[in-house]
Amino acid sequence: MKILIIEDEKALANSIATYLGNDNYVCELAPSFDVALEKTSLYDYACIILDITLPDGNGLEILKHLKKQNKTDGVLIISAKNSLDDKVQGLRTGADDYLSKPFHLPELAARVEAIIRRKSFSGQNIIEFDEISVDLDAKQVSVNNKNIDLTRKEYDLLIYFMANKNKVISKGAIAEHLWGDNMDIADNYDFIYAHIKNLRKKLLQADCPDYIQSVYGMGYKFGIPK
Amino acid sequence: MKLFTKYSRINLLITVAIFILASIAYAFLLRYVMIEFVNDNLKIEQREIETFVSRYNKLPEIIHVQEQEVSYAPVAGPMPKHKFTSIRLWEPDEKKLELFRQITFTVQVSGQWYLAKVAISMEDMGDMIRLILVITIVTILLILMMTALINRVVLKHLWKPFYETLATINNFQLGNKNKIQLSQTNIDEFDLMNKTLDESLNKAENDYLLLKEFTANASHELQTPLAIVRSKMDILIQDENLSESQSKAAQSAYDAIQRMAKLNQSLLLLAKIENKQFEDVAIINLKEKIKTKLDDFFELWQSKHLTIKKDLSDCEIQMNPLLIEIMLNNLLSNATKHNIQDGQISITLTAKKLIIANTNDAPELDEKQLFTRFYKNSVTSDNGLGLCIAKQICDLNGFVLSYHYQNYQHTFSIDF
């Protein structure tokens, strides 16, 4: 699947491409309005990450072009403005989601994955990872076809982990994902630990391998243990 | 003291003093003139007596006239000059002592010297002087009263533009965007004052807007570099070859960026609140809203072993949904961050008031500084903007946010 990153800041675009790029995704970069317009006209993308403020044009115009051509590419707007107007206007013009800078890359990955999932699976909304299967419509998690009960936060955490497989996710990113960025709690992430611990315990009880690893107190990694 | 009162007081004091002095001087002058007049009359009497003596060589007969006394007495020798005196004599008609002016002189009749005394009553003149003085004083009092009254009315009218200007300035608020309108008067001084005020206030307003714009722009421009640094950190921590010490360094850097992002976000939020970019309002069920917040904060409080006391009544307010969210977050975060281990947070909601109190062993905080930007009283990672934002949100909605302290309880209350 192809992802187009329309972002004039090269360093940021590279970070996104590095983080998202894996076996499933191929990332292409479009550093300017013109390049972006050309690429979006020529090719189809599973998801387009779109910066609204480009030096040679407004990103919303690209979105309008897409809609005019009846393209169904998923669009995630990233903007430094963090203004409600931009968000409302972007979503009204047909964007699928909106993320304001500075964002956490795991958050971006989770949003992109959600968009692609919504666009590509028309039928059942299920994500799987080895023996774990999550029915997103029913919000039900099962391991080896056996349902397990998770709290709301544990469920959100699992989905977040599954969108960032084999990636180290910082505690800050986890906190912001679960509690939103309006909560001013930057001084202490201890309370995350309880949720991670419980999720891990429930997965282990359902005969999962120990997928969740702590990384030097920096954060957590979800993936097949070595 | 009002300028007018002060002016009136000085004015009255000086006027009264001048009038009293003038009255005294007037009374003396009047008395002097009267005495001179009586003296002249007495001299005429003297001349008449002397003329009579030289013509008939005998003293004139004493005719009893009212308010006039004449008497002769033989003396040894002549007096060099006539003499005037003021004396009191018994007036049989009035049956009391009355003031008389008397001339004493000597006259020679057939070689014999006689001392002649002629006295004229001055009682009527005293009456006149008194009457004149009374009229004068009454007039003065009348004039004083009228002046005070006229001053009051006229000055009030004259100073009206001044008070209007004062009222306008009182309502003036920086960043309010309402241009102040100072009315034109036809008094040069006031026009000059209004013009000067107009200019300096508009300059202040412009400077303020520029500063605000600068803050907002600076914050905006910081968002992109912040986004780059944060994304690089997210990439960096993926490296499996990081040593423990490298990881720790990365973690510190990551936390610092987190704080900076938060700070920047707060500054942008403040700018937006000041620019009135949150105009959409909705009716908020505050009780429900607080209940959701309690769920959000639950884990946080648990990890700090905080006890929560809540007493929530129904309360509906009208405000922007995002702002109430931010305000509650900030106040609850504040009560959480500045709490002690095993401390307590109490949340009370009534229809008109929300009270959030937390325990802390810190002494009372300075309420004046508490709601200003970057106020910090302890070493925390807090950026010192949370309460400032809460205050701004309250101000925007016409709520009153206040702080109280009692027995290690720090209480923040909002009156809707």
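Those protein sequences? They're chains A and B, same order as listed.
Residues in the first sequence are numbered from 1 upward in steps of one, following full-length UniProt numbering.
Residues in the second sequence are numbered from 1 upward in steps of one, following full-length UniProt numbering.
Beta carbons are placed, not taken as given, at the ideal position from N, Cα and C, and that holds for glycine.
Computed from a prediction, not measured in an experiment: that's the story for all the values here.
Q: With distances taken Cα to Cα, identify the nearest neighbour of D149 of chain A among A:D135, A:M162 and A:F161.
A: As a position in the first sequence, residue 149 of chain A is number 149, starting the count at 1. Looking at the Cα atoms, A:D135 is the closest of the given residues.
Q) Which value, in whole angstroms, describes the spacing of the CA atoms of T51 of chain B and V138 of chain B? A) As a working mapping, residue 51 of chain B is identified with position 51 in the second sequence. As a working mapping, residue 138 of chain B is identified with position 138 in the second sequence. T51 of chain B and V138 of chain B have their C-alpha atoms spaced approximately 47 Å apart.
Q. Residues of chain B with a CB under 8 Å from the CB of E9 of chain A: which are they?
A. Along the first sequence, one-based indexing puts residue 9 of chain A at 9. The contacting residues are T224, A227 and I228.
**Q.** In DSSP terms, what C47 of chain A is bridged to
**A.** Taking the first sequence and counting its residues from 1, the one referred to as residue 47 of chain A is at position 47. In the DSSP assignment, the residues bridged to C47 of chain A are A:I3 and A:G74.
Q. Counting pairs of beta carbons, one from the segment 44–64 of chain A and one from the segment 185–202 of chain B, are three or more of them closer than 8 Å?
A. Contact fails: fewer than three Cβ-Cβ distances are below 8 Å.
Q. Which of helix, strand or coil does DSSP assign to Y56 of chain B?
A. Against the second sequence, residue 56 of chain B aligns to sequence position 56. Of the three classes helix, strand and coil, the one that applies to Y56 of chain B here is helix, per DSSP.
(Q) 8 Å is my cut-off, CB to CB: does I393 of chain B come that close to chain A? (A) The residue you call residue 393 of chain B lines up with position 393 of the second sequence. With 8 Å as the cut-off, I393 of chain B does not count as an interface residue toward chain A.
Q | Helix, strand or coil at K95 of chain B [DSSP, three-state] | A | Position 95 of the second sequence, counted from the start, is the residue given in the question as residue 95 of chain B. Coil.
Q: Sort out for me which residues DSSP pairs R101 of chain B with in a bridge.
A: Taking the first residue of the second sequence as position 1, residue 101 of chain B is located at position 101. The partner list for R101 of chain B (beta bridge, DSSP) reads B:S86 and B:I120.
Q: Let me know the alpha helix (DSSP H) ranges lying completely inside the segment 87–140 of chain A, each 4 residues or longer, listed in chain order.
A: Listed in chain order, the complete alpha helix (DSSP H) runs (minimum 4 residues) inside the segment 87–140 of chain A are 105–120.
Q | Inter-residue Cα distance where the pair is M146 of chain B and D127 of chain B | A | Position 146 of the second sequence, counting from 1, holds the residue named residue 146 of chain B. Position 127 of the second sequence, counting from 1, holds the residue named residue 127 of chain B. Rounded to the nearest angstrom, the two C-alpha atoms are 28 Å apart.
**Q.** Nearest residue (CA-CA) to L385 of chain B, options B:C394, B:L370 and B:D395
**A.** Sequence index remark: in the second sequence, residue 385 of chain B carries index 385 (1-based). The shortest C-alpha to C-alpha distance from L385 of chain B to any of B:C394, B:L370 and B:D395 is the one to B:L370.
Q. Would you say A250 of chain B and I235 of chain B are within 8 Å of each other, going by their C-beta atoms?
A. Residue numbering aside, residue 250 of chain B sits at position 250 when the second sequence is read from its first letter. Residue numbering aside, residue 235 of chain B sits at position 235 when the second sequence is read from its first letter. It is not a contact, given that the beta carbons lie outside the stated cut-off.
Q | Rounded separation between A390 of chain B and V400 of chain B - CA only | A | Here residue 390 of chain B refers to the residue found at position 390 of the second sequence. Here residue 400 of chain B refers to the residue found at position 400 of the second sequence. Going by the C-alpha atoms only, they are around 10 Å apart.
Q | Close beta carbons around A186 of chain A, own chain, < 6 Å, minus the five adjacent residues each side | A | Along the first sequence, read from residue 1 onward, the residue named residue 186 of chain A stands at position 186. Because the pLDDT at A186 of chain A is just 49, under 50, the model does not fix this residue reliably, and the point stays unresolved.
Q: Please compile the residues from chain B whose C-beta is within a distance smaller than 7 Å of the C-beta of T18 of chain A.
A: Taking the first sequence and counting its residues from 1, the one referred to as residue 18 of chain A is at position 18. At a beta-carbon threshold of 7 Å, the residues of chain B lying near T18 of chain A are I235, ordered along the chain.
Q. Under the three-state reduction of DSSP, which class applies to F27 of chain A: helix, strand or coil?
A. In the first sequence, residue 27 of chain A corresponds to position 27, counting from 1. Inspection of the sequence shows that residue 27 of chain A is occupied by Cys rather than by Phe. In the three-state reduction of the DSSP assignment, C27 of chain A falls in the strand class.
Q) Between which two residues does the alpha helix (DSSP H) containing F191 of chain A stretch? A) Indexing the first sequence from 1 puts residue 191 of chain A at position 191. It spans D190 to Q205 - the alpha helix (DSSP H) in which F191 of chain A sits, taken as one unbroken run.
(Q) Is there a Cβ of chain B sitting closer than 8 Å to that of P102 of chain A, yes or no? (A) Position 102 of the first sequence, counting from 1, holds the residue named residue 102 of chain A. P102 of chain A counts as touching chain B.
Q: Determine whether the Cβ of L29 of chain A lies closer than 8 Å to any Cβ atom of chain B.
A: Here the question's residue 29 of chain A lines up with position 29 in the first sequence. With 8 Å as the cut-off, L29 of chain A does not count as an interface residue toward chain B.
Q.
Suppose you measure from the CA of residue 422 of chain B to the CA of I257 of chain B; what does that come to, to the nearest Å?
A. The structure shown does not extend to residue 422 of chain B, since chain B spans only 1 to 416, so no value can be given for it.
Q) Between which two residues does the alpha helix (DSSP H) carrying G172 of chain A extend? A) Locating residue 172 of chain A in the first sequence gives position 172, where the first residue counts as 1. First-last of the alpha helix (DSSP H) with G172 of chain A: K171 to W179.
Q: Mind listing the chain A neighbours of Q251 of chain B? Cutoff is C-beta to C-beta under 7 Å, in chain order.
A: Translated into the one-based positions of the second sequence, residue 251 of chain B becomes position 251. Below the 7 Å Cβ cutoff, chain A contributes G217 and M218 as neighbours of Q251 of chain B, in chain order.
Q. Just how far apart, CA to CA, sit F103 of chain A and T165 of chain B?
A. Start at 1 with the first residue of the first sequence, and residue 103 of chain A comes out as number 103. Start at 1 with the first residue of the second sequence, and residue 165 of chain B comes out as number 165. In a straight line, the C-alpha of F103 of chain A is about 50 Å away from that of T165 of chain B.
Q: Check distances from the C-beta atoms of the segment 189–223 of chain B to those of chain A and list, in chain order, the residues that come in under 7 Å.
A: Flagged, chain order: H220 and Q223.
Q) Residues of chain B with CB under 8 Å from P106 of chain A, in chain order? A) Here residue 106 of chain A corresponds to residue number 106 of the first sequence, with the count starting at 1. Here the neighbours are D234.
Q: Taking only beta-carbon positions, decide if Y7 of chain B is within less than 8 Å of chain A.
A: Counting from 1 along the second sequence, the entry for residue 7 of chain B is found at position 7. Output row for Y7 of chain B: interface = no.
Q.
I want to see whether chain A comes within less than 8 Å of Q184 of chain B, judged by CB atoms only; does it?
A. Here residue 184 of chain B refers to the residue found at position 184 when the second sequence is read from its first residue. Proximity of Q184 of chain B to chain A, defined by a Cβ-Cβ separation below 8 Å, is not satisfied.
Q | Cutoff 8 Å: A163 of chain A Cβ touching any chain B Cβ | A | Against the first sequence, residue 163 of chain A aligns to sequence position 163. For A163 of chain A, the answer is no, since every Cβ of chain B falls outside 8 Å of its Cβ.
Q: My understanding is that D97 of chain A touches L63 of chain A, with C-beta atoms under 8 Å, so please give their C-beta distance in whole angstroms.
A: As a first step, residue 97 of chain A is located in the first sequence; it is residue number 97 there, counting from the start. As a first step, residue 63 of chain A is located in the first sequence; it is residue number 63 there, counting from the start. With a contact defined as Cβ atoms closer than 8 Å, D97 of chain A and L63 of chain A miss out at about 12 Å.
Q: Could you check what DSSP says for K352 of chain B in three-state terms: helix, strand or coil?
A: In the second sequence, the residue the question calls residue 352 of chain B occupies position 352. K352 of chain B falls in the coil class under three-state DSSP.
Q: Give the straight-line distance between the Cα atoms of I192 of chain A and S346 of chain B, rounded to the nearest whole angstrom.
A: Position 192 of the first sequence, counted from the first residue, corresponds to residue 192 of chain A. Position 346 of the second sequence, counted from the first residue, corresponds to residue 346 of chain B. C-alpha separation (whole angstroms): 24 Å.
**Q.** Local Cβ density within 10 Å of M125 of chain B, reported as buried at 16 or more and exposed below that
**A.** Within the second sequence, numbered from 1, the residue matching residue 125 of chain B stands at position 125. M125 of chain B comes out buried.
Q. Between the Cα of Y375 of chain B and the Cα atoms of B:N397, B:K352 and B:N334, which residue gives the shortest distance?
A. By one-based count along the second sequence, residue 375 of chain B stands at place 375. That would be B:N334, whose Cα lies nearest to the Cα of Y375 of chain B.
Q) With 8 Å set as the bound, which would you pick, yes or no: does the beta-carbon of Y254 of chain B sit closer than that to a beta-carbon of chain A? A) Here the question's residue 254 of chain B lines up with position 254 in the second sequence. Residue contact check for Y254 of chain B against chain A: a CB pair falls below 8 Å.
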